[in-house]
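Worksheet: one structure, shown below.
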Amino acid sequence: MKFFANTRTRSAAFPLSPVAAGCALFVSAMSGNVYAQASAAPQASEQAITTVKVSGIRRGIEDAISVKKDSSSIVEAISAEDIGKLPDVSIAESIARLPGLAAQRVGGRAQVISVRGLSPDFSTTLLNGREQVSTGDNRSVEFDQYPSELLSGVTIYKTPDAGLVGQGLSGTIDMQTVRPLSFGKRTIAMNVRGEKNSLGGIANAKDTGKRFSVSYIDQFADRTIGIAIGYAHLASPVLSNETGLYEPWKTDARPGVPGGTYLMDGLKSVARSGTNKRDGVMGVLQYRPNKSWTSMIDVYASKFKREETANQFEVALNDYNGGYKPGLLYSPATTANGVLTGGSASGVYPLVRGMYNDRKDEIKAIGWSNTLRFDGGWSVFADASFSKATRDEVSLENNLQLSNAAADPFLDTVDLKFATGTFSHIAGRLNYTDAKNLYLRNTIYGSGYGKTPQIEDELKGFKLVVSMPIPTVLESYFSGVDVGVNYADRSKNKVQPEGAITLRGAPGPVPNEFLYGQVDLGFAGTGMIPSWNVPGVVSQHMNFKPSSTESFLISKAWEVNEKITTSFIKANIDSDIGSVTVKGNVGVQVQRTEQSSRANYFDGTAPVGSQVKPVHDGMTYTDYLPSLNLSFGLSNQQTVRFAAAKQLARPRIDQLRSALDFNVGTTDFKPSANGGNARLDPWRAKALDLSYEKYFGNKAYFAVAAFHKKLDTYIFTQTLDYDFSKYIPGTNAITAIGNYKAPYNGNGGKLKGLELSASLPLSLITPVLDGFGVSASATHSKSSIAIEDPDSSIGKNIPLPGLSKRVTNLTLYYEKNGFETRVSQRKRSDFVGEIGNFANDRTLRYVVGEDVVDFQIGYNFTEGSLKGLGVVLQVNNVGDTAYETYGGDRNKPLEYQKYGRTFLMGANYKF
2 MKFFANTRTR SAAFPLSPVA AGCALFVSAM SGNVYAQASA APQASEQAIT TVKVSGIRRG
62 IEDAISVKKD SSSIVEAISA EDIGKLPDVS IAESIARLPG LAAQRVGGRA QVISVRGLSP
122 DFSTTLLNGR EQVSTGDNRS VEFDQYPSEL LSGVTIYKTP DAGLVGQGLS GTIDMQTVRP
182 LSFGKRTIAM NVRGEKNSLG GIANAKDTGK RFSVSYIDQF ADRTIGIAIG YAHLASPVLS
242 NETGLYEPWK TDARPGVPGG TYLMDGLKSV ARSGTNKRDG VMGVLQYRPN KSWTSMIDVY
302 ASKFKREETA NQFEVALNDY NGGYKPGLLY SPATTANGVL TGGSASGVYP LVRGMYNDRK
362 DEIKAIGWSN TLRFDGGWSV FADASFSKAT RDEVSLENNL QLSNAAADPF LDTVDLKFAT
422 GTFSHIAGRL NYTDAKNLYL RNTIYGSGYG KTPQIEDELK GFKLVVSMPI PTVLESYFSG
482 VDVGVNYADR SKNKVQPEGA ITLRGAPGPV PNEFLYGQVD LGFAGTGMIP SWNVPGVVSQ
542 HMNFKPSSTE SFLISKAWEV NEKITTSFIK ANIDSDIGSV TVKGNVGVQV QRTEQSSRAN
602 YFDGTAPVGS QVKPVHDGMT YTDYLPSLNL SFGLSNQQTV RFAAAKQLAR PRIDQLRSAL
662 DFNVGTTDFK PSANGGNARL DPWRAKALDL SYEKYFGNKA YFAVAAFHKK LDTYIFTQTL
722 DYDFSKYIPG TNAITAIGNY KAPYNGNGGK LKGLELSASL PLSLITPVLD GFGVSASATH
782 SKSSIAIEDP DSSIGKNIPL PGLSKRVTNL TLYYEKNGFE TRVSQRKRSD FVGEIGNFAN
842 DRTLRYVVGE DVVDFQIGYN FTEGSLKGLG VVLQVNNVGD TAYETYGGDR NKPLEYQKYG
902 RTFLMGANYK F
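Note that the working numbering has the sequence shown beginning at 2, numbered continuously upward.
Here is the structure:
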C-alpha cells in the first residue's frame, strides 16, 4: 500500500539515509583512534591534572550527553549552553533536532512535536515534572509559548518508568527551569536580538522584530536560600506569501472541463501580515536549611498575542457567481493524468478579502515541592501544583468585489495554473488595485462572518512519593523502592459564539482612514490589491453580534472533566552480573480515570423555549501499566538498554465532549446525530525498546536504538448504530436506533523504527580538528496502522498523523578561543499533518517533507573589559524552505506557503 506519492521501492527493511550511513561509518572509522587515546590516558596519571572549563556549544552538548548516559531510561536531552542560551531561538526547534523527534511548522514556526512517528496527541509535556495545560482544544502543547531563554534544559523520556506521572504513549517531554542553589554564585544574564524577515513589510506589518531576556540567579543566608527570576519578551513579524486551493479535489462536472476530471471549487493568493508578541516570566524560590529538607516554589506565566490579517484575492470556481450571466466556462481547460492543471475560467466574480484573526493566550503555573530525607535511607517528596490556560480569539472577515454605486457586477476571466513545488498562478484580467472600485457588499460569501471562540483549561495536582531502603536480603539486586500517589483534576471548556457580519448602510468602498498600503501578490501572478483595517471597518460600518444560542451553535460549547488517580510502586535496580553492572527499575503504575462531559444539544422537534436540552455523559476505567527498564554497563563505556512497558494516551479532549447535533428525519423518522464521545477508552499500547550506546567520557557518544509499539486500540471517527433512547422521548422518532457519527475506539496496529545518533568533537580524532564537532541522527519508522477520517478530504487508508518515514538531523559546529559557528539541518519525509481550518476544526492534509537549514556565528569575549559579552548573528530557514500540502496525490496541490528567511543579530552579557 502506498501511503505517499513519492514512495519508492526499497530492498532493505530499514534503509540508511546518507546521514545515518555517515554516522555509522564515521564512528567506526574513528573508534580505533579514540580507543587509543583512552588507553593511553592512564600512563599520564602521574602528570599534573589540568582542569579545563568547557563553555558554549560544547558545554550544552556535554551536559546533554551526561543526562543521557546517567539515565535509567532511554532518553534524549538538551542542555542550555549558558544561562538563557538554549541552542535555538525556539524550544521546539531544539527538541526537533533530537533523534526520533520531528516538528510541524505552523505559521512558519516549529510549534508542535511528533515523537517516534506519532502525532502530538500521543505525547505529554511537563514543566518541572508537572503536566501542562494547553490553549488549544486538545492536549498538545504549543511550544512557542515557552521562551527558550527561560529554560535550562529539556529531557525527552522515550521509555516510561512507573514513577513518571503524566507519561505519554510516544514519549514524555519534560522542560526544566534552573535550580538556583545549583549555581556557585550570583549570576545575571541578558540577551537581546534584533530580527528582520527577508519578505519585507506587508500591509501595516513591518519586517522587523525584537526579543529581549534577562535572568537573575542568587543565593542568600549561607546558601540556604536561592532565587531565580527570568523575563523574556518577543515581538516578531508574521509574514508569508501563500496560495491555497479549496478542498476537496473531486470529479464534479464543470463547463468546459472533460468529464471525470479531478478539479476543485476555487483558489486564493494570500499575503499574510501581522505580529507575534509574547511576554514570559519565570521565578524559583529554593530553600534548603539543611541536608534533610529542601523546599521549592516555582512559577511560570506567559502572555501570547498573535494578530494577523490574510490579505487575499479569491476566486470561486464552483459554477456559482451570485447568479449573474454568463456563468462559469473553462476555455481552455488543461489537464494531465485526469487532473485539472489550469486554463482560463470566464464568468467568475472574484473577491478581495481581509481575513483578520486576533488570538490572546495566557498560561499560569505554580508548583510547591518539598523533599524530606531521614536516617536509614528514607525520604518523602510532596508536590502541589496548579496551572491554568485561557484563549480568547476573534476572527473577522470582510469581503469586497468590483462594483459601483448602481451595484453592477463586474464578471472577470481568470488565468489559472495549479502547481506543485511552487506557487499556483491566479491572474484576473480586470484591475483590482484601486480600493475605490472595490465595494463592501453582499458577495457570494456574504459581506463577512466572524467567530469569537474562548477556551479555558485548568489543572490541579498533588503528588506524594515515599522512598525507602530495600530489605537486606535484596540489597544485592535493588537500591531502594519508591511508592507514590498522584491526583490530577482537570477541567476544560470551550465556547464559540459566531455570526454573520452585515453592512449597516449601502454598499461602498472601504473608507480612506482604514486603508493600509498596497499588497503585492505578484508571486502568484495576481498583482497588487489594497489592504485595510478589518476590525476598524467592522466596528464602524458593520454589524457583528456573535451568538452561541443559534441551533447550529449549541453543540459548539462543551466542558470536559478528568479526575485521574495514579498510584505506583517502583523498585530501583542496582546489581552486578560478573563484570557487567545492571541498573534500572521495575514497577507498575495504576491509573484510575473518571472522565465526564457536560454540554447542551438542540432538539428541533421540541416546543420553542425548550429546544435546548442538557446532555451529560462519561465513564470510569482503570489501567495497570507495568514497566521495566534495564541498563547493562559493559566495558569501555558501553551500555545496552532494554525496556518493556504497557502505555496509554488519553483521547483528545475535544473528542471527549458530550455535545452533539441531534436530528430526527422528516421522512424516515429515524434519529441521527454527530458529535463527541465521552465514553472513549484511551489509546493503549505495548512497547519494547532496545538500545546500544557507546560513550567517550561525556564528550562523545554513538547510539543505535530500535523500538516496537503494538497499539491495541486506535480512535477513529466513524458512523455507527447508536441507541438514542434518552434523546427521543417527546419526539416523533419511530425507533431508538440511528446513525451517530463520532470518535470510536477501533483496532490499532504496529509501529516500529530504528534510530541512529552520534555526537563527536573532532579533536578526538586528531588535534588538527580541535574546535570542530558534529552531531547527527537518523530515524526510519514504519507503521501498519491506516486510519479513516471522514472529515478530511485526503482519501482513505491514511497513515498515522505525524509519521515521517525518514527523519534526519545534522549539526556541524566550530568553537575555539571565543569564536563559534554552527550550521544545523533538520529534514523529514512527507507526513500527514493536523491543520486547523477556518471553522476552527481539525482536519488532515498530506504535508510535503521539509529540509530546513539554520546558521549561527558569534564571538564571546573571555577576558578584558568586555569579558562576559557575546555577539551573535543567526539566520533561520536559510533556504527559504516552503510549507506545502496536497490532497492524497502530489498532483493535487492544496497549499504552498513561504515565510522567508529570518535574520537575528544581537548580543548576550553575563556577569
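Each residue gets a CB set at the ideal place from its N, CA and C atoms; glycine is no exception. Because the structure is a prediction, the values reported are computed rather than measured.
Annotation: E394 to Q455 spans about 6 Å, alpha carbon to alpha carbon.
Between the alpha carbons of E789 and I92 lies a distance of about 32 Å. Of all alpha-carbon atoms in K893, Y900 and N861, the one lying nearest the alpha-carbon of N877 is that of Y900. DSSP places L200 in the coil class of the three-state scheme, outside both helix and strand. According to the DSSP assignment, K69 belongs to the alpha helix (DSSP H) that extends over G57 to D71. Annotated three-state conformation of Q168 is coil, per DSSP. Residue pairing of E595 in beta bridges, as defined by DSSP: K564 and T621. Secondary structure in the stretch 728-798: the beta strand (DSSP E) runs of 3 residues or longer, each lying completely within the stretch, are 738-762 and 773-784 in chain order. Of the residues assessed, I735 falls on the exposed side of the cut-off, its CB having fewer than 16 other CB atoms within 10 angstroms. Ranked by Cα distance from E143, the options G154, S153 and L128 are led by L128.
Here the stretch 238-248 does not lie against the stretch 283-298, with fewer than 3 beta-carbon pairs under 8 Å apart. Boundaries of the beta strand (DSSP E) harbouring P290: G267 to N291, taken from the DSSP string. For a cut-off of 8 Å, the C-beta gap from D280 to S303 is around 7 Å, short enough to register as a contact. The closest CA to that of K828, considering only L102, S552 and Q133, is found on L102.
Our two residues, I565 and G485, have alpha carbons roughly 14 Å apart in a direct line.
For E248, the three-state secondary structure derived from DSSP is coil. Of the other Cβ atoms in all chains shown, 16 or more fall within 10 Å of the Cβ of V134; this residue is therefore buried. With respect to A650, S628 sits apart: the two C-beta atoms are not nearer than 8 Å. The Cβ atoms of I427 and V349 do not sit closer than 8 Å to each other. In the three-state DSSP reduction, E476 falls in the coil class, being neither helix nor strand. If you draw a straight line from the Cα of S793 to the Cα of G803, it is about 15 Å long. Here the alpha carbon of N399 sits roughly 47 Å from the alpha carbon of E77.
Inter-residue distance for G747 and Y723 is about 16 Å (C-alpha atoms, whole angstroms). Distance check between P256 and each of T310, D266, S866 and K278 places D266 closest, using alpha-carbon atoms only.
Note that the stretch 172-192 touches the stretch 147-158; at least 3 beta-carbon pairs, one per stretch, sit closer than 8 Å. Taken atom to atom, the span from the alpha-carbon of L99 to that of E756 is near 10 Å. In the three-state reduction of the DSSP assignment, G449 falls in the coil class, being assigned neither a helical nor a strand state. In the three-state DSSP reduction, S91 falls in the coil class, being neither helix nor strand. For G803, no alpha helix (DSSP H) segment is defined, and its DSSP state is neither H nor E.
Using a Cβ distance threshold of 8 Å, F912 and I189 count as a contacting pair. Note that the stretch 577-595 does not touch the stretch 523-542; fewer than 3 beta-carbon pairs, one per stretch, sit closer than 8 Å.
Below 8 Å, enough C-beta pairs join the stretch 428-436 and the stretch 516-531 to call them touching: three or more. In terms of Cα proximity to T567, the closest of I555, I574, T594 and L554 is T594.
Shown here for K710: same chain residues with a beta carbon closer than 6 Å to its own, the five before and five after excluded, namely A686, A688 and L752 in chain order. Restricted to the stretch 823-859, the beta strand (DSSP E) segments that are unbroken, complete and at least 3 residues in length are 832-837 and 843-848, listed in chain order. Assignment of beta-bridge partners to G509 by DSSP yields L441.
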